[in-house]
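Engineer:
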Amino acid sequence: MTGPATGASGATDDVHLLALARNAFGALMPDAAGVAVSGGGDSMALLDLLARVQRDLGGSLRAVTVDHGLRPESAEEAGNVARFCARHGIAHDTLVWRPGEIRGNLSEQARRARYGLIADWARRNGLAHVAVGHTADDRAETFLIELSREAGIDGLTSMRPHWHADGIHWSRPLLSVGREALRAYLRRQGIGWTDDPTNEDARYQRVRARRALGALAPLGITAGGLARVAGHLAA
403 MTGPATGASG ATDDVHLLAL ARNAFGALMP DAAGVAVSGG GDSMALLDLL ARVQRDLGGS
463 LRAVTVDHGL RPESAEEAGN VARFCARHGI AHDTLVWRPG EIRGNLSEQA RRARYGLIAD
523 WARRNGLAHV AVGHTADDRA ETFLIELSRE AGIDGLTSMR PHWHADGIHW SRPLLSVGRE
583 ALRAYLRRQG IGWTDDPTNE DARYQRVRAR RALGALAPLG ITAGGLARVA GHLAA
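In terms of my numbering, the sequence shown opens at residue 403 and continues consecutively.
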């Protein structure tokens with residue numbers, strides 16, 4: 403896991419992040435809520451923020467990790483999340499994807515399988531609401547990917563803060579927050595996370611989109627800016 407480091411207090415940033423978690427999810431916390439956690443920085447920050455909100459508001463929070471089994475380290479990474487949850491008194495389950503023959507887009511097949519497994523898990527546990535840890539960077543990358551496909555408004559705005567599917571209300575409480583801001587939060591809290599090596603593999607379109615964002619910076623085009631454009635179009 404990427405280790406925690408010391409830094410500035412960031413108290414104002416922490417208050418802002420907690421407010422996002424509370425506003426997006428707090429109303430449902432007195433019942434029961436789920437959170438999907440891969441062990442990466444984005445979802446670990448979301449897990450900790452929601453756990454802090456849950457401690458304030460009461461109610462039930464349950465975490466889930468999907469082990470896709472596509473890398474040798476995946477079981478250990480799921481174990482890291484389970485141990486974090488055990489230390490903090492959060493119920494946690496690991497779901498294992500057992501793919502058959504894989505043809506075509508592996509990332510898309512894994513994504514569909516992940517959401518299907520999580521939806522089934524949520525229904526079994528009586529959870530009507532599940533949060534996922536997408537960020538402004540994810541929204542900007544999705545915008546660029548859809549732009550490359552010459553998508554219309556529906557495609558360009560496909561990453562939304564809330565949506566319904568498979569009988570579940572899904573939310574992205576941190577969609578307005580940048581990836582690095584969440585890693586800074588984790589460092590301040592002394593929480594480690596796992597960096598997935600496939601996030602540096604240029605065979606994947608999302609990785610190429612991420613790198614393209616860096617090339618657009620001299621034009622004043624940033625991940626945060628593109629994420630806000632996607633939000634304006636979705637309004």
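We put the CB at the ideal spot given by N, CA and C, even for glycine. None of the values given here were measured: they were computed from a predicted structure.
Under 8 Å, with one C-beta from each stretch per pair, do the stretch 472-482 and the stretch 562-571 reach the 3-pair mark?
Structural biologist: no
Engineer: Whether or not the stretch 494-501 and the stretch 532-550 are in contact is what I'm after, with contact meaning three or more pairs of Cβ atoms, one per stretch, closer than 8 Å; do they touch?
Structural biologist: no
Engineer: Could you name each continuous alpha helix (DSSP H) segment of 4 residues or more that falls completely within the stretch 441-473, going from the start of the chain to the end?
Structural biologist: Counting whole runs of 4 or more residues, the stretch 441-473 contains the alpha helix (DSSP H) stretches 443-459.
Engineer: What residue does the beta strand (DSSP E) around A533 start on, and which one ends it?
Structural biologist: 531-533
Engineer: Along the chain, where does the alpha helix (DSSP H) that runs through S550 open and close?
Structural biologist: 538-550
Engineer: Distance check for G528 and G436, CA to CA, integer angstroms please.
Structural biologist: 10 Å
Engineer: Between the Cα of E582 and the Cα atoms of R454, V466, D444, which residue gives the shortest distance?
Structural biologist: Proximity to E582 across R454, V466, D444 peaks at D444, based on C-alpha coordinates.
Engineer: Nearer than 7 Å: is that true of the beta carbon of G481 relative to any heavy atom of the ligand SAH?
Structural biologist: This structure lacks the ligand SAH, and indeed carries no ligand of any kind.
Engineer: Applying the 10 Å Cβ sphere with the 16-neighbour rule, what's the burial state of P620?
Structural biologist: exposed
Engineer: Would S509 and T467 qualify as a contact pair, given that the criterion is a beta-carbon distance under 8 Å?
Structural biologist: no
Engineer: Let me know the secondary structure DSSP gives I555 once reduced to three states.
Structural biologist: helix
Engineer: Using a threshold of 8 Å, state whether the C-beta atoms of P575 and A423 are closer than that.
Structural biologist: yes
Engineer: Provide the residue span of the alpha helix (DSSP H) that contains L618, from first to last.
Structural biologist: 607-618 is the span of the alpha helix (DSSP H), which, as asked, contains L618.
Engineer: Under the three-state reduction of DSSP, which class applies to I520: helix, strand or coil?
Structural biologist: helix
Engineer: Helix, strand or coil for S573? Go by DSSP, reduced to three states.
Structural biologist: In the structure shown, S573 sits in a strand (DSSP, three-state: E or B).
Engineer: Report all residues from its chain with a CB closer than 7 Å to the CB of A636; omit the five preceding and five following residues, and keep chain order.
Structural biologist: T559, R562
Engineer: Considering only residues of the same chain and omitting the five flanking positions on each side of L452, which have a CB-CB separation below 7 Å?
Structural biologist: Within the same chain, L452 has close Cβ partners A423, F427, V437, L463, A533.
Engineer: What does DSSP give as the partner residues of T652 in its beta bridges?
Structural biologist: Since the displayed the chain opens at 403 and closes at 637, residue 652 lies outside it and no answer follows.
Engineer: Which residue from G442, I593, R605 puts its Cα closest to that of A480?
Structural biologist: The candidate whose alpha carbon is nearest that of A480 is G442.
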